[in-house]
Every structure is written in C-alpha cells, then in structure tokens.
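These notes concern the structure reproduced below.
There are 4 protein chains.
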Amino acid sequence: MATDIARIKAALLTQHIETPSWAYGNSGTRFKVFARPGVPRTPQEKIADAAQVHRYTGIAPSVALHIPWDRVDDYGALAAYAAGHGLRIGAINANVFQDDDYMLGSVTNPDPAVRRKALDHLLECVDIMDATGSRDLKLWFADGTNYPGQDDVRARQDRLAEALAAVYGRLGGDQRMLLEYKLFEPAFYTTDVPDWGTAYAHCLKLGPKAQVVVDTGHHAPGTNIEFIVALLLREGRLGGFDFNSRFYADDDLMVGAADPFQLFRIMHEVVRGGGLDPAAGVAFMLDQCHNVEPKIPGQIRSVLNVQQATVKALLVDADALRAAQQSGDVLGANAVLMDAYDTDVRPLLADLRAEMGLDPDPMAAYAASGYAEKIETERVGGAQAGWGA
Amino acid sequence: MATDIARIKAALLTQHIETPSWAYGNSGTRFKVFARPGVPRTPQEKIADAAQVHRYTGIAPSVALHIPWDRVDDYGALAAYAAGHGLRIGAINANVFQDDDYMLGSVTNPDPAVRRKALDHLLECVDIMDATGSRDLKLWFADGTNYPGQDDVRARQDRLAEALAAVYGRLGGDQRMLLEYKLFEPAFYTTDVPDWGTAYAHCLKLGPKAQVVVDTGHHAPGTNIEFIVALLLREGRLGGFDFNSRFYADDDLMVGAADPFQLFRIMHEVVRGGGLDPAAGVAFMLDQCHNVEPKIPGQIRSVLNVQQATVKALLVDADALRAAQQSGDVLGANAVLMDAYDTDVRPLLADLRAEMGLDPDPMAAYAASGYAEKIETERVGGAQAGWGA
Amino acid sequence: MATDIARIKAALLTQHIETPSWAYGNSGTRFKVFARPGVPRTPQEKIADAAQVHRYTGIAPSVALHIPWDRVDDYGALAAYAAGHGLRIGAINANVFQDDDYMLGSVTNPDPAVRRKALDHLLECVDIMDATGSRDLKLWFADGTNYPGQDDVRARQDRLAEALAAVYGRLGGDQRMLLEYKLFEPAFYTTDVPDWGTAYAHCLKLGPKAQVVVDTGHHAPGTNIEFIVALLLREGRLGGFDFNSRFYADDDLMVGAADPFQLFRIMHEVVRGGGLDPAAGVAFMLDQCHNVEPKIPGQIRSVLNVQQATVKALLVDADALRAAQQSGDVLGANAVLMDAYDTDVRPLLADLRAEMGLDPDPMAAYAASGYAEKIETERVGGAQAGWGA
Amino acid sequence: MATDIARIKAALLTQHIETPSWAYGNSGTRFKVFARPGVPRTPQEKIADAAQVHRYTGIAPSVALHIPWDRVDDYGALAAYAAGHGLRIGAINANVFQDDDYMLGSVTNPDPAVRRKALDHLLECVDIMDATGSRDLKLWFADGTNYPGQDDVRARQDRLAEALAAVYGRLGGDQRMLLEYKLFEPAFYTTDVPDWGTAYAHCLKLGPKAQVVVDTGHHAPGTNIEFIVALLLREGRLGGFDFNSRFYADDDLMVGAADPFQLFRIMHEVVRGGGLDPAAGVAFMLDQCHNVEPKIPGQIRSVLNVQQATVKALLVDADALRAAQQSGDVLGANAVLMDAYDTDVRPLLADLRAEMGLDPDPMAAYAASGYAEKIETERVGGAQAGWGA
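Chains as they are written, first to last, in numbering that gives the first Met the number 0: chain A, 0 to 388; chain B, 0 to 388; chain C, 0 to 388; chain D, 0 to 388.
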C-alpha cells in the first residue's frame, strides 16, 4: 500500500495542466460580459496571473496563448517573460472567427479571398510557435452554417481539407496540429468539424502529427465522452483535452463542477489507455471562462479538480477490476471503480503538496496572499482583456 | 370548398404577428456580433423597418419594444411616430440582465438593493405601457445560478414571487403580464423560471392577468411543445408566443426554418384550442435575431412562415380527423393531418395578398423596393442598435 | 462535531427506503429479458427477497406492490405474510398498460368502455390499499400517442381529469394519490402526463391528497431535477421519489450509479426543504430493474447509495453555505457543498450500522449469507416473475 | 421543365426501397407487445406481405431477412419463393442479442466461448447470403455495458475488431459488410459501436467492402444526420440507410413521420453526393416496427414517404442553389431549398404511378384489395412472428 501511494504520487507529479490566457480575462455570454476589477490588460499580465496558479498548485507550468488576443511584437520576449515567471508557452490557439470577413466561414468560406486570409492567420500561428517554442497548434473552427441550403456541406469539407494540408505541411518536426471538434455554436445548423469522427478522418489523412482534441463541453447530450477518449487512445490519436464542464451546452464551467464522476471516468480511461505517461503526448489543457466567479481562484480550483479525478483514477485496483470484469461480475467490477471514487483523496493530495514544498490548501493560500487585492489596486486604466468580440 | 377557403382567409386576416424592435439591430453570439450596413441607430429607425414588414405582409401591425434598448424621453411621441408608420406599440419587454449589478440575479438576487433596482425597472416598464397604450408586459428573467450551492434555489423563488406580486399589483385593468420561461442560458446550473410549470405556478397565484409565454426555442431536447400549447390553452393561461426556431439550443433562427412540421403542429393545437380567435388573447410574437442574414427580409420571411403554418392548420379537415381519432384509426388520423401539411399553400396565400392589395410575393416586392439600398446609404454614422451588452 | 454526528445519525434513522416487488423479478429491454436462477415465482417470494434487503440495510422496511403482477386472493393475508418478514406493504402501483385493450390508452382512450375498464382497475387498487393498510396509490400512465394527429391532445386531458377525480373521491382519509410523470416511452409522440407541470396542475385541482412523484429517470436531457424537487417541496406537492438512474433514457439503473453528484444535489434540496422530516410525507421509493446484475444485491446497493447521498447532504454546513450565498461568494458557496460531497462517509455509515446491530458491510454480509445459493436451489419450476408483458 | 420532370421520374425509377421481414410481425416496447390479427407466422408469410408493399408502390422489390427469426431449412427455396412473389432477398441481418449467453455481449463478451458462438452465427449469415444471393450482411451489435467499470472499453474494441476481420475475410467478391452504429440501447452506459466515427474507423481497417449504415433513429439529440450522410458519401463509405423516425429515442416510427423536413435534407445530401446513382451502392432500407398501426399499410406509407422526400430533393434547383451559395446569399440559398420542399409532389407521384401501371393511390388501393381481411381470416393458429425475445 505504501508502495502504491508512492507510485501514485510519482504519477501525479508527471501530470501538467495547462491554463489558457483567456481564462484570466473577462468573459460572459451573448447577453452580458461582466467586468471584474483586477483583470489583466496585456498578455504579460495574463501570464503573471497564470504563474499564480502554478505557484499554488505546482502542476500548471505552461500557459496557452490565443492569437490575436495575445498578439505582441516580440514573441521571443514574451516567452522569456513567461520563463521569468516559471512558465513556458503552451499551445498556440488560432482565432479565425472574430473578423467581419468570417461571417460565413473562415477556411471553409465560399469566398477564396477569405479562405486565403484565414490560412495566412493559421500560418502566422506556426511562426509564433517557432518563436515561442510551442509544440502544439490548436485549431478550433467556428465555421458552419445557420440555415439548410446556406452552403454546400461537402464543398466545405474539401476547403477545410485543403487548408489543413497547407498548415500541416508548414509544421516543424516537433510540432503538432491539434484539431478540435464541437457539436454546435456559433454555427447553428451545420458545423464543419462537429464530432470526433470528422476530426479523426481529417487527421488520418494528414499524418501522425495531426491529433484530435477532446473538449469536454462539446458533445451532444448523452454522449459517452470517456468512450471517445478510450477509442482515440487506442488509435494513437488523442492529442489532448480542453477541460471544462457543462450542464447543458458549451457552458465553460470549471472542470469537474457539473459532473465529477464523469471526469473521474474520463481519467480512468486515460490511465487505462496509458495516456498519463508523458510519452503519450496527451496535453491536459483547461479551456474555461469564469463569468460569475473570480478568475485566478477559478483556475486553481479547476486544476485541483483535474488532479483529484486523476488520483482517484490511479487508486482504482486494476487487478481486482480486471478479475471482476473477466468473471462477468457486474456489481463487483462497478464496486471496484466506486471504491476509488468514494475515497476522500484530499489528505493524500495535501501530503503531496507538502512534499512539493507547497501549501496543502492552494485556495486558502492564494486567498491569503494578497495578490487579488494587489492587482485590483494596480490594474486601473487600460482595456481589460476579454475573449469576446 | 369555396366556403372553406373563404372561412380560412377570414381567419387568416384576424391573425397579427408582432415583430420585435431588436430583430432590426445587430446581433450575434458570444463569439462575435457581425455589423451590417443600414442597421438602425434609434428606436424610430427600428420602427420604420418594422413598418416595412407590415407593408409587404399586411399582418404585422405592431412592434415590441425592449427597455432600456428602446428608451426615449417621450413614449407618447414614440407611439405617435409608430402610428404614423401604420403600427402600434406591442409588448414592452423588460431587461434586467445587462447591468453589472445583475451578475448574480435581478429580482432573485440575494442582495435586496439589487432586487429593488430590478423591481423599479419593471415598474418603469408599466409606466411605458401606460404611455404607449401597450397591453402586454413581457418578462423574461436571466436569473439563475452557474454552480451547485451558489444560491438557495427556494429562497430565489420566494424573491421572485414577491417581485411578480408587486408588478402585478401595478398593472392597469386592461394590462397583462406575460411570463416567459427558458431551460438554460445565460444561467447554466439553475434557471429561476426554467419551464412552463414554474411560470404557470406563479401565474396561478398572481391572477388572471398573468399568462405564460411559450418561446419555441426554450425547451429541453425532446420536449413536445405543442402539448404545452394545448395544455396552456385548456387552462386559459396561454398568453402568447415568442416564435423562433433552433436546431440545438436557443438559436433564434427564423421561425419554421429548423422544423416547419413542428410549427404546423403547434398551430394545429392553437386552432384546435381556439387560440386563433382574437378573443383568446394569444399574442403571436417573433423573438429572433438575424446573425448572418439581412434583418428586414429575415423578419418578412418569418412572418410568412407563421402564416403558412397557420393556413395549413386551418386546412386540417377537423371532422375527418375526429372521426378517425374516435375510431382508433392511427394511420387514417395521421393522414388527415399530413394531407393538410403536404398541401402547397403558396397559391392560396398569394391570392389572399392580392385581395388585400398587396404584392403576392412579399420577399420579391421588398427586394425590388430599394429600401435596403436606401437605408444603407442614409444610415451612416451613429451607433448601430444591437441587443448585446 | 460529536453532536452533529449524533444529529445526522438520528436523521438517517428516520429515512425509510421502499423497494419495489418488481425489482426482484426478471426484467430487460424490448430486445431481450434475461432469465436468472432463483428469481421469485410469487408475490410471497418477492416479499421474502425484499426482507433480505431490509435485513442487511435496516432502512428498507416496506415493499411496494404492482397490480396485477402481485395479485393474490387474500391481500390481508399477504400483508400479514409481509409483517411476518418484518415488512409492511408500501405503495400500490396500478398497471393499466399491459392489456391489449390499452393499445391506444387506458383512462385517456377514445373508447369509453376501455376507460371504464381502466378506472375499475384503479378503484380495485384502492380496495387493495384498504386491505393491506397501504397509504399510497401510485399512478403512472403509459397513455399517449405515437403519431401526430393520432388522438386529440386536449380531449385526452379531459378524460384523464375525469378518471383522476373518480379515484380521488374514492380515497380514504389517510390515503394519498401519487401521480407520476414521464417524458416519453412507451408513447413516442405525446405522453399524457409528460412533465411535473402537468402532474402538478392535475393535483392542484384534485386536492391535498394528490401529490406529485418524481421519478429520477423520467426527464428530458438537461433538466435540473433538484430544482423540481425544491419547487414541489415549496408548493407542498412532493409526494415522493421513484429512484433510479440513467445515462440516456429511462434506463432504470441503480440509483446513484450514473450520476452520484446529482443524487447528492437532490438530497441536498430534500434536506433544505424539510423533506427528510417524516411529517413531510415524502416517500423514498426505488423503481428500478436489474437487467444484467443480480437483483437482491442490486437493491441493497441502491438503498445504500440513497443513504450515502443523504448523509452527505446532512453533512453540508448550512450556516456556512447561507453566509457564502448571502455575500455572493460563488466559489465559497460551491466549496461548502463540495466539501460535504467529497467526504468519504462510509466509515460513518459503518458505525451507524454497528450501532443498529447490523453488519457494517451489507453487500458482503448478504453475499456470505448463502441466501442467493438457497433460492437458486429451491426456486426451480414455476413461472418466474417479470415486469414484462 | 418537361425535360426536368422526365429526368426526375427516371431517377425515381432507379430508387429501390427495401422492407424488413420483421416489420410484418408483432412488435412493441418493453412494456407491451400488442398482438394483431393476420400477422405472419412464417418467413414465407412475411415475404407474401412484403410483396404487397411492392405491388402497390412498385419500388420495394426486395425484403431483408433477420436470422434467426427467419431461419428455414432451405434458403435457396426461400429465395425462390420470394422470386415467385416478385421479390429478391435483400440484406441478411445478424442477431446476436437474443440468447441468454449474450447478456454481457456477443463478439465483445469477455468470455471467449461466447465470442466464438457469436462469430459462428455471423459466419452462418454469410452462408445464407451465398444461398439466397444476398449482397449485404448487416451487422448491428447490442453489445455494450450498463455500468461504469463493468468491462474494459478498449479490450472490447479489440475483440470487436477481431470478429469483424474474421467475417470480412469470409465475404465473397460481391458481398459487403454493412456496419451499423447506435448511441444507446439496449446497453445503457457504453455501446461498443455508438457512433459513425467508430463504425468508420473499423471499416477503414477492414477494406472497401466494409461500409457504414446510417440508421436515422440512432443518434444523440441535436445530431445533424445529413452532415454525416454527406461526409460518408465523400469518403465513399455510405453503405446504406436504415430508415425510420423518432421524436426522442430509437422509436422506430414510420420514416418521415416525425420530421419530414429532416428526411428531405437527408435525401438532398444523397442527391448532392451522387448517392442516388445505383452505382454508388447505397442501400435504402426501412428498419421500423409498427406497434400501434397496421403493418402492411405502415410499410406502404413509409416507402411513399421516402419517395416523396426523394422527389423533393430532385426538385431542388441545383444551379440556383450553387449561385446563391457562392454569392453568400443566405436567405436566397435557403429559399431555393424551401421552394422544393414546399412543393406538393403528390400529383407528380400519382402520374408516375399511372405510367408504371400502378394505382395512383397505393394506400387506398391496398385498403380496397381485401388482403388485410383475407390474412386475418386465414392466419389463425400458429405462433405470430415478433421481433421480441
């Protein structure tokens, strides 16, 4: 048992959870974006906030950028700035949905000039990867249609394939393309990459550096997400996660807040499929917005939630599970899983943090640090960052 | 048969479809609001646009206002302006979701000062009804919570009931309160009025002037909307519709665009339950946004879609239907309904328009009118209207 | 804290969870019902099995009957038989869906002769209540239609109201009618009691002895069940629960198996709304089928799952929660709830069982008892019970 | 225009719609299977009924078999019997879900002996294809799990892949394997082939004779089925359809009954993607059950509904549509589609039937034929066919 705990702690230390720069800015719904005091005005301030999350959790050493929201003149300098805060630059997220030209699509637009503009932006993102040392280009397309007949579904796939091929060809040897899918929104009738199958089919044709990203909020009701995770791991095509949670649509709530048991089941499949091994290349990223709660504590809590689900998954007695499964013992196999889930892992995680030289209670430690009050005082004037238009 | 057609045409002439002022402004999703040339800058320009819809359809003689988006100094003058364009002011829509104070709710907010502010706004809306001669106060609350535990579900109902009672007490003798429900968004975990049952329970306690509004886009997947319509008509509590359509969430697409058969079934229950009789007081209102299509033609098409579904519902052979239902003839009863639905009613509607002195093809007539080009030229400068924050 | 634990244990001892006689029979899907050795052939054998669940959990002292599946000549004798096994007869469940006459409905059938037959069955169930001392008549209607137009939605409501009124008038002073709703299945287009609003509207008209039953598996995707629970408690109309769980449709899985966090949130609203007080009259009933797992252990596990969620709900620090809610501390309020949920309550429950003179591990104790082997040996020949046609 | 009509009629004549033998037997839900007079007792009687559908529609010249439901001693004789009725044998449907051994899965069962038994059944189905001249083996697996942990998700994929490969290797040169997917039911937690992506991934590895079948009732809410159709046609992997319709789950209602506009959009993508060309190999099959309506008229109506959607899709003005799409005219492009949909195509289809020497009104002609009365009189005694266990 002592060995087990040591093994589990060692495994936990290999897991890194990336926070997104946009989580630190203002966000909201189409109805209203609520402004918060202390919200960053610059990419640098976002990085400083992300560093706080790493400081108290010890497992969030990278921050994802979003272009053009995080556009700067000197990306090398930005990476150095991050390094000075103990962080590295994570995935580069392309944005081809917030220009009036993209009303009817970006890389799938019927107008070739718009497609060219969108492709140029994607290629610019690879330049930024070169400059920042980022490994992953994360692609999410808002492209789709709102009305039946609005555009040709199949022609849009052809255009998408052409753009992806051009970007893939531009990738360096250690760089990857992570293709994300989403059921709906902002497109309402068709979405050009609506499900894992579509993303997978494109990745297959592109090559091994193209991988699928599972955003936990992007599925139809009733979809078994952990099944998809298991399948993509089996196919060697799980590039990573965009973690968040939802009750109904793509609500971008804190991961684990809506259905902690689902998050545990997902992490169980990750562990089962070898996805926790850093060599598997699975990127654990958050993609959330904090509309009504403060942003930095919201990120800390989210990182802790992923870690909590991971340790519960590591606690599953794999031998007992396999034995029960093999013998057709439905209740017994389920009980093995539930035993791990029902365990209160907070003491174990507090121990681990103490061993890492961290405060056992990251939420309390951050609250006591005075950082929130400091940025509220200092960050006055300027335009607050937001992921909205 | 000739008599039937005459009866149907007479019934159609009693149906008025109200367009919303906000449909003429810019709108979009949380990802992006796309700007359009020619979009109104003032409530007056919105009314002028609404008048175009009535001009070509002949059945859209009122326009709903949204406060504060349509706030003016002199509401009597605004009503006169509308009258000068052949329109009257329809429902007054309260907005208690776009102020930073409302982040955690308006009338259900835990803070009594915020609740008071929200209530004052609702009462102001009744003042505007007095000044404009509007009959209906339409209430939709964005109130709810994003996280389990965030607030006390039951206390919020108490606060809601208190505010509704205060507003109800302020209504004049001919004024009504229309209470709308919505499954989710912008609140993600609980919504304080999430379903027709909640709206109905509150209306029952308030009195006969409180009625439920069915927004066709506000239900969970799999919900049978026409059943709710039939039930509310049976209870005498169907105040009206907010028409739109959707494929997944509250997409605000043109009514009838996503599922024209559903719209027909809804209108069938309206006809069956006596809701087409003006004495029933059912308000047929559009509540849509045109994100990627032009606004005025989008409204014209929507009005025509409701009319088309209505005429099909009127074509149902009620005697044959009843006979088949009574005899347990499942296929026969279904066939009676489908016969009406499968009929091409466009010739009948073109005839009706000719008799009304209108162009038989409203979409073509509007396109040929030059109005779109005119407003694109004239409406330069100023701030375009939009329903977003 | 010691006081708290004592209070919690006392509260837990007042909670009784009723198991359904049909859970002990064979069940399945429309595709296949799998037969199990040892399954009961008679109502008496079902009661004997239910007694096992009470024996090991100590909190399941009643068993619900289903008529006609549990039809016997002498109901008084059956109640005495149950008493001899330490049980009382719980709710009487009417069944008006398994006769060829009911193909197009029972109490809502267009044919008055079929309606009369169905009503007679409901009245027979009240006779059985009289004979067995049962308090609750549980009504679930499979009635509805499969195709648009098949029957008149509104007329079916009239017929339903008429039947309910006749049954209500027959109830004794201490008897109640529990009306259940269900979104869909076996009817596919309309269901005559599809949602809590419809059940509530009928109960209101009937009187205080008519109460709504929440079956946790009977809602549309995205429905917030705990909100409905809170609302019905506020209205004094929550008659009880039919517990089970599901991933997609009405899957009748073990309660708490699909979403234990949801079950906790439901129990939190029960506790918050005073529903755990026996005086509130909330019946905690299981309504499940065990298709691929053994039946008695499936019931034991389900009872334990409800108890586990209840104790977690009792652990919520109500004062801290209220304070955080009042101050608008979104993350703090959520954390209070999650602290209770994340607690491992198995030791506390093991203690409680020891104090009750029970084995701390009911699943293991039942497995070791030899009862399963005994019934497999003894129950040979005869027709196994099943809830199917 | 005359040319267009001629072209459309010619295209319609190439479309064959296959009816399933099980549609003629009794069916129902897990709650009840209602018995009907006149229902077939043998495969031969089912074929005779299927011949009626072809007789009145002229476009249903084949009938699918279901093994073991349609097991006979001499399949060659059965094919000859069908030929004598003007029919050929269509797809062979394997059934590995109705044996007690399959409780925990068939080809994915943890027990290798059960897997072997299931595989043997699949290979037997290929033997039957050889004997009957059938081209297509349709595989739908009920395999999955009900509870988290019950079995190893990934290992089940390995077992599935192994079985599929064995069957694929046994196929003759002109034979195909059609792999069907289904979101849920009868498995409730995981389904081993839950979506098109999973089916597609397996087909890719097997080879060109493995194709995906789209059952229109097997998707999560909000899924855009026509998008999947367009995608699979683009990939050359659309093997065919199992047509039916539903409001909520896999309801097996008559195709086009729940959402005729969706069926039209599906057929629009079929036409757009070349799937109507017989060379494309897309099999148009019905997979429905008639629970509350008579079976033969239910099939006739379903065949007509597919034909009606097809002719509307053929009426779409492809040039006008492309022009509107290319110019970004959202409303215009949508209007082109709606113009075709709003057309009353019943006169055109009546003409076509007259030209084919058929009665213009197949439903009325069948009703007048006396066949229903005849089989009710003749088919007395014996065991009625049913798709249930």
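For each residue, glycine too, the CB sits at the ideal point set by N, CA and C.
### Query
Three-state secondary structure (DSSP) at Met-284/B?
Residue state, collapsed to three classes: strand.
### Task
Assign Lys-31/B to one of two classes, buried (16 or more other C-beta atoms within 10 Å of its C-beta) or exposed (fewer than that).
Answer is buried; the Cβ neighbour count reaches 16.
### Task
Measuring only between beta-carbons, confirm whether Phe-260/D sits less than 8 Å from chain B.
Yes, its Cβ sits closer than 8 Å to a Cβ of chain B.
### Message
Just checking: is the beta-carbon of Leu-330/D within a distance shorter than 8 Å of some beta-carbon in chain B?
### Response
Yes, its Cβ sits closer than 8 Å to a Cβ of chain B.
### Task
Would you mind reading off the limits of the beta strand (DSSP E) that contains Ile-91/A?
It spans 87 to 93 - the beta strand (DSSP E) in which Ile-91/A sits, taken as one unbroken run.
### Query
Exposed or buried, Pro-67/C, counting other C-beta atoms within 10 Å across all chains shown (16 or more means buried)?
Answer is exposed; the Cβ neighbour count stays below 16.
### Query
Where Thr-190/A and Gly-221/D are concerned, what is the direct C-alpha to C-alpha distance, given to the nearest angstrom?
Rounded to whole angstroms, the gap between the alpha carbons of Thr-190/A and Gly-221/D is 12 Å.
#### Entry: Glu-225/D burial status per 10 Å Cβ neighbour count (16 or more: buried)
Glu-225/D is buried by the Cβ-count criterion.
### Query
So Arg-236/D and Gln-156/A are in contact, right, with Cβ under 8 Å, and what is the actual spacing, rounded?
Distance from Arg-236/D to Gln-156/A at the Cβ level is roughly 13 Å; contact not present, criterion being Cβ atoms closer than 8 Å.
### Task
Please check the pair Leu-357/B and Gly-57/B, which I expect to be a contact at CB under 8 Å, by giving their CB distance rounded to whole angstroms.
Indeed they touch by this definition, with Cβ atoms about 5 Å apart.
#### Entry: Status (buried if at least 16 other CB within 10 Å, exposed otherwise) for Lys-204/B
Using a 10 angstroms sphere on the CB of Lys-204/B, the tally of other CB atoms stays under 16, which defines it as exposed.
### Beta carbon of Ala-200/D nearer than 8 Å to that of Thr-144/D
Not in contact: Ala-200/D and Thr-144/D (Cβ atoms no closer than 8 Å).
### Query
Just the Cα atoms here: how many angstroms apart are Phe-96/A and Thr-215/B?
Each residue's alpha carbon lies about 28 Å from the other.
### Top-ranked residue by Cα proximity to Ala-79/A, from Ala-130/A, Leu-103/A, Arg-70/A and Arg-114/A
The shortest Cα separation from Ala-79/A among Ala-130/A, Leu-103/A, Arg-70/A and Arg-114/A belongs to Ala-130/A.
### Query
Would you say Asp-343/D faces chain B, with C-beta separation under 8 Å as the test?
So, interface residue.
#### Entry: Option in Asn-92/B, Asp-135/B, Phe-240/B and Arg-35/B with minimal Cα separation from Gly-274/B
It is Phe-240/B.
### Beta bridge counterpart(s) of Phe-385/A as assigned by DSSP
It is worth fixing the name first, because residue 385/A is Gly in this sequence and not Phe. Asn-25/A.
### Query
Can you tell me whether Val-150/B is buried or exposed, with buried defined as 16 or more other CB within 10 angstroms of its CB?
Strictly speaking, residue 150/B in this sequence is Asp, with Val absent from that position. The residue in question, Asp-150/B, is buried, as its Cβ has 16 or more Cβ neighbours within 10 Å.
### Task
For the stretch 187 to 253 of chain A, list the beta strand (DSSP E) runs that are entirely contained and at least 3 residues long, ordered along the chain.
Under the rule that a run must span 3 or more residues, the beta strand (DSSP E) segments found entirely inside the stretch 187 to 253 of chain A read 209 to 214 and 237 to 242.
### Message
Only counting the same chain, and skipping five residues up and downstream in sequence, which positions put a Cβ closer than 7 Å to that of Asp-3/A?
### Response
The beta carbon of Asp-3/A sits closer than 7 Å to no other beta carbon from its chain once the five residues preceding and following it are set aside.
### Message
From the DSSP secondary-structure annotation, give me the bridge partner or partners of Lys-137/D.
### Response
Asn-92/D and Leu-177/D, per the DSSP bridge assignment.
### Task
Closer than 8 Å, Cβ to Cβ, to anything on chain D: give me those residues from the stretch 153 to 184 of chain C, in chain order.
Listed by position, the residues of the stretch 153 to 184 of chain C near chain D (Cβ gap below 8 Å) are Leu-182, Phe-183 and Glu-184.
### Message
Quick check: the Cα distance between Thr-309/C and Leu-252/C, rounded to an integer number of angstroms?
### Response
When rounded, the distance between both Cα atoms is 19 Å.
#### Entry: Asp-69/A, buried or exposed, once every other Cβ within 10 Å from all chains shown has been counted against 16
With 16 or more neighbouring CB atoms inside 10 Å of its own CB, Asp-69/A falls in the buried class.
### Cross-chain neighbours of Thr-389/B in chain C, by beta carbon under 7 Å
Outside the displayed span of chain B (0 to 388) sits residue 389/B, for which this structure offers no information.
### Query
Does any CB atom of chain D fall closer than 8 Å to the CB of Thr-147/A?
First, the amino acid is wrong: residue 147/A is Pro here, not Thr. By this cut-off, Pro-147/A is an interface position.
### Query
Nearest-angstrom Cα distance between Gly-280/A and Val-211/A?
When rounded, the distance between both Cα atoms is 12 Å.
### Query
From the DSSP output, which residues share a beta bridge with Leu-64/B?
Answer is Ile-91/B.
### Message
Using the Cβ count rule (16 or more neighbours within 10 Å means buried), how would you classify Arg-115/B?
### Response
Exposed, because fewer than 16 other Cβ atoms sit within 10 Å of the Cβ of Arg-115/B.
#### Entry: CA nearest to the CA of Ala-219/C, picked from Gly-238/B, Lys-208/B and Phe-183/B
Taking only the C-alpha atoms, the option nearest Ala-219/C is Phe-183/B.
### Query
Is Thr-18/A helix, strand or coil by DSSP?
Strand, per DSSP.
### Task
Go ahead and label Val-379/C buried or exposed: buried means 16 or more other beta carbons lie within 10 angstroms of its beta carbon, across all protein chains shown.
The residue in question, Val-379/C, is exposed, as its Cβ has fewer than 16 Cβ neighbours within 10 Å.
### Task
May I ask which residues mark the beginning and end of the alpha helix (DSSP H) holding Leu-163/C?
152 to 169 is the extent of the alpha helix (DSSP H) around Leu-163/C.
#### Entry: Spatial neighbours of Val-228/B in its chain, beta-carbon cut-off 7 Å, leaving aside the 5 residues before and after
Excluding residues within five positions, the ones whose Cβ falls inside 7 Å are Val-213, Leu-237, Ile-265, Glu-268 and Val-269.
### Message
Pairs of beta-carbons, one from the stretch 117 to 131 of chain D and one from the stretch 345 to 357 of chain A, closer than 8 Å: are there three or more?
### Response
Remark: fewer than three beta-carbon pairs, one from each stretch, lie closer than 8 Å, so the stretch 117 to 131 of chain D and the stretch 345 to 357 of chain A are not flagged as touching.
### Query
Taking Cβ-Cβ distances below 8 Å as the criterion, which residues of the stretch 235 to 253 of chain C are in contact with chain D?
Taking 8 Å as the cut-off between beta carbons, the residues of the stretch 235 to 253 of chain C near chain D are Arg-245, Phe-246, Tyr-247, Ala-248, Asp-250, Leu-252 and Met-253, in sequence order.
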